[in-house]
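Engineer: Please find one structure pasted underneath; my questions will follow.
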């Protein structure tokens, strides 16, 4: 393949399976010997990632870059929109925040961002054989189609052929495909070269008469039907099965994750949930707290609002009660800030509340500053006691994304000038996203819980990175088994 080629994946709706399809195709193209990169011009998500250069981008594109076995770069997702509450969004452009806007303000200005998008895409065009682009939501939101920069408008900007993905699990798949194509302009419709049906439970033979009829109606080939599968690959947003309640309680270690209203970077829990004797439950009510072995307060895009909510709904008091019984509590980023004595917001970064007492479980004060800290992290633990006793010298890698700066007169757990981790008996807080991706750290925490419960110690046989790459290989295999890759290559422009 001498020249750069591209292909775009759009969906009939949010959650149709665009991200996982892009990830799988990226992996397949890589395995076929091509240099591949993902691209999503605009992403709205609270799951974000920090590149080596300190730029912020959507977590989904970072995972797709992992599937391509390349270093993720901000230009793979030049615009990231992070809802902050009160109908406002933080706009991340080329990896850096340019401030908060309401939807009207952003909509009025987004047409001016085409230059930034094309400049970002040009970096991929110059350096990669293939780019797999991803759309957002539905490509036919007719009320906001003007100045589209992420779906068919993006496909036009870079002259990309399009594959439409539809989710059969939610029902109405044929109507959603036909309706989506009907609402496209003729020139947009001409770009759609194939359809993929996603999340099918059952025998494809039963579906075949419907597929034949569909192809007759839309005059576009169905490239394949992906089965409903259970692979442990990170999701893009909250449209995920992970938040559903677990009915069968069969695992030894129960973890309650506080599902904050503004929960962010919930993929921090993926490595913990991959351990075979750990059960993750996302809890939303105070009466769901009390019988777990570990409580995790995850990241938040609006710490003060989430702190206010969990204090008012009783969850905060139940967390305090659990801590007094000796239950380990871990706070990550916003969760770390919530565990402290108080949170101050003198510049109104998160809203009108200038000061709010925290849960008081750590001797810290957090001040929201104007500048956001975005950096990859690498360091070693020291002064380990309580919940992290015995982990001195353990290397920790991850990344930081936080507006607040945390202060304390107590000992910290690293040599860094900025406080990134602290412990007080059974309470641990950190700014490091991906903390549980560190095998020795996670084994250490879980073995303390196992010992307390009279269980034998266990140690992970592989790193979380090795585990994740194995899951990506399983996805590639599924893609090849269920999608007509020969037709995909024809759409792409030849192998």
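Residue numbers (this note's numbering): 3 to 497.
For glycine and all other residues, C-beta sits at the position ideal for the given N, C-alpha and C.
Being a predicted model, the structure only gives us computed values, none of them experimental.
1. Would you please state the rounded distance, in angstroms, between the beta carbons of residue 153 and residue 118? I believe it to be under 8 Å.
2. Hey, residue 296 and residue 431 are a contact pair by Cβ (cut 8 Å); roughly how many whole angstroms apart?
3. Can you tell me the Cα-Cα spacing of residue 3 and residue 132, whole angstroms?
4. Fully enclosed by the region 122 to 183, which alpha helix (DSSP H) runs are 4 residues long or longer?
5. Give the secondary structure of residue 415 by DSSP, where H, G and I count as helix, E and B as strand, and everything else as coil.
6. Look at the Cβ atom of residue 512, then the Cβ atom of residue 227, and state whether they are nearer than 9 Å.
7. Using DSSP with H/G/I as helix, E/B as strand and the rest coil, what is residue 302?
8. Can you give the Cα-Cα distance for residue 473 and residue 467, rounded to whole angstroms?
9. Roughly how many whole angstroms lie between the Cα atoms of residue 87 and residue 370?
10. Give me the DSSP bridge partner(s) of residue 404.
11. Secondary structure at residue 16, three-state DSSP: helix, strand or coil?
12. Quick check on the burial criterion: 16 or more other C-beta atoms within 10 angstroms. Buried or exposed for residue 100?
13. Among the candidates 14, 156, 265, whose CA atom is the shortest distance from the CA of residue 169?
14. What's the C-alpha gap between residue 98 and residue 329?
15. How would you call residue 61, buried or exposed, if buried means at least 16 neighbouring beta carbons within 10 angstroms?
16. Grouping DSSP H, G and I as helix and E and B as strand, with all else coil, what is residue 478?
17. Quick one: Cα of residue 130 to Cα of residue 37, how far?
18. If we ignore side chains and look at the alpha-carbon of each, how far apart do residue 18 and residue 479 end up?
19. With 16 other CB atoms within 10 Å as the buried threshold, where does residue 421 fall?
20. As a quick exercise: from 179, 186, 178, 171, pick the residue whose alpha carbon is nearest that of residue 158.
21. Give the list of continuous beta strand (DSSP E) stretches no shorter than 3 residues that lie fully inside the region 275 to 353.
22. Just to confirm, are residue 52 and residue 319 a CB contact at a threshold of 9 Å?
23. With H, G and I counted as helix, E and B as strand and the rest as coil, what does DSSP make of residue 117?
24. Using 10 angstroms around the beta-carbon of residue 392, count the other beta-carbons present and answer buried if the total reaches 16, otherwise exposed.
25. According to the Cβ coordinates, are residue 352 and residue 405 closer than 9 Å?
26. Between residue 306 and residue 365, how many whole angstroms is the CB-CB distance? I'm expecting something under 8 Å.
27. How would you write the range of the beta strand (DSSP E) that residue 432 sits in, first residue to last?
28. Should residue 498 be labelled buried (16 or more other beta-carbon atoms within 10 Å of its own) or exposed?
29. Out of 401, 150, 326, 77, which has the shortest C-alpha to C-alpha gap to residue 374?
30. As a quick exercise: from 111, 71, 46, 199, pick the residue whose alpha carbon is nearest that of residue 92.
31. Do you know offhand how far residue 39's Cα is from residue 20's?
32. Output yes or no for whether 9 Å exceeds the beta carbon distance between residue 443 and residue 396.
33. Using three-state DSSP, classify residue 397 as helix, strand or coil.
34. Mark residue 80 as exposed unless 16 or more other C-beta atoms lie within 10 angstroms of its C-beta, in which case mark it buried.
35. Going by beta carbon distance, what residues of the same chain come within less than 8 Å of residue 290, once the five residues before and after it are set aside?
36. Is residue 240 helix, strand or coil when you go by DSSP?
Structural biologist: A quick look at the data gives this:
1. With a Cβ gap of about 17 Å, residue 153 and residue 118 do not count as contacting.
2. That pair is no contact at about 14 Å.
3. Residue placement at residue 3 is poorly supported in this model, since its pLDDT is 45, which falls under 50; the coordinates are not used for a value here.
4. 154 to 159
5. coil
6. Because residue 512 is not part of the residues shown, which for the chain are 3 to 497, the question remains open.
7. strand
8. 10 Å
9. 16 Å
10. 375
11. coil
12. exposed
13. 14
14. 38 Å
15. buried
16. helix
17. 5 Å
18. 20 Å
19. buried
20. 186
21. 280 to 285, 296 to 299, 331 to 334, 344 to 346
22. no
23. helix
24. exposed
25. yes
26. Actually they are not in contact, since the Cβ atoms of residue 306 and residue 365 sit about 19 Å apart, beyond 8 Å.
27. 429 to 432
28. Limits of the chain in this structure are 3 at one end and 497 at the other, which puts residue 498 out of reach.
29. 401
30. 46
31. 15 Å
32. yes
33. strand
34. buried
35. 258, 283
36. For residue 240, the predicted model reports a pLDDT of 48, less than 50, meaning its position is unreliable and no value from the coordinates is stated.
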